[in-house]
Amino acid sequence: MSGTQSETGRQLAPGLLPLGVGLAALAGLWGGPLPDLARVSFVWHMMLHLGVILGAAPLIALGLARLAPLRTAWPVLFAGAASLLELAVVWGWHAPRLHEAAALDPTLFRIQQATFLGAGVLVWLPGLAPGRAAAGAGLLAMLFSLMHMTMLGVLLTLSPRLIYAPEICGTAFGLAPLDTQRLGGAMMAVAGLGPYLVGAAVFTMRLTREGPED
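Structure representation (structure tokens):
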């Protein structure tokens, strides 16, 4: 019995570690001061958003994929749907009316954060499944996510006017509201280069190493 339990523990450990780290990061992000700050300053909103979708979400997805690998006959279709969902979630919640509504309504704010997490996890899962097709699907998902996150970040950075209400896009680090908005946009444009490019590189290596029958 003890041998069986030990073997089970060894099988679960590779998945439990990233899952645990991801959940701990999520607890720190949501349980600390960032949620309150994020509702009055765009820079802090962006720190929270990026921490959830680019920090906690990939770790949670990795843990889930190791504990229970995704099995689908259409990994590219799954990845495409997940990518479009993430696009809708990220761009939708950054539309002025929705963004301001979430900042003012605690329930909407929680829904916003939950959808950031869900979309962030789903976009990684197809590529983390076994097989060459899954690796290709993951590569496409990473490149698409990188493209639309960078595009939105650039639009926010280059905007000549304040998109969000001043009380929602308040000052941070002594910057004026417009400069705060631009800094938040620059953070979004640059931050995705890390996780998404790393993911794309990993999936590309899998494509070159795994045979068609894997």
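Remember, our numbering sits 1311 above the position in the sequence shown when you count from 1.
Ideal Cβ placement from N, Cα and C applies to all residues, glycine included.
Burial state of residue i (16 or more Cβ within 10 Å)
i: phenylalanine 1484; result: exposed
i: proline 1471; result: exposed
i: leucine 1508; result: exposed
i: arginine 1382; result: exposed
Euclidean distance between Cα positions of residue i and residue j
i: leucine 1486; j: valine 1354; result: 10 Å
i: arginine 1421; j: isoleucine 1474; result: 22 Å
i: leucine 1370; j: alanine 1349; result: 22 Å
i: proline 1329; j: leucine 1378; result: 10 Å
i: glutamate 1411; j: glutamate 1521; result: 46 Å
i: leucine 1433; j: leucine 1361; result: 16 Å
i: leucine 1469; j: threonine 1482; result: 18 Å
i: glycine 1510; j: aspartate 1347; result: 31 Å
i: glycine 1331; j: proline 1437; result: 20 Å
i: leucine 1398; j: glycine 1505; result: 18 Å
i: serine 1456; j: glycine 1442; result: 21 Å
Beta-carbon separation (whole angstroms), residue i vs residue j, contact threshold 8 Å
i: alanine 1440; j: proline 1386; result: 6 Å
i: threonine 1336; j: alanine 1390; result: In the sequence as presented, threonine is not what sits at residue 1336; that position holds alanine. In fact, because the Cβ distance is near 24 Å, the residues do not count as touching under 8 Å.
i: glycine 1333; j: alanine 1376; result: So it is not a contact: roughly 12 Å between Cβ atoms.
i: leucine 1428; j: valine 1363; result: 5 Å
i: methionine 1358; j: leucine 1345; result: 6 Å
i: glycine 1447; j: leucine 1518; result: 6 Å
Touching or not, the segment 1452–1465 and the segment 1505–1516, by the rule of three or more beta carbon pairs under 8 Å? The segment 1452–1465 vs the segment 1505–1516: in contact.
For the structure I just gave you, are there three or more beta carbon pairs, one from the segment 1456–1469 and one from the segment 1493–1503, closer than 8 Å? By the Cβ criterion, the segment 1456–1469 is in contact with the segment 1493–1503, since at least three pairs of Cβ atoms, one from each stretch, lie closer than 8 Å.
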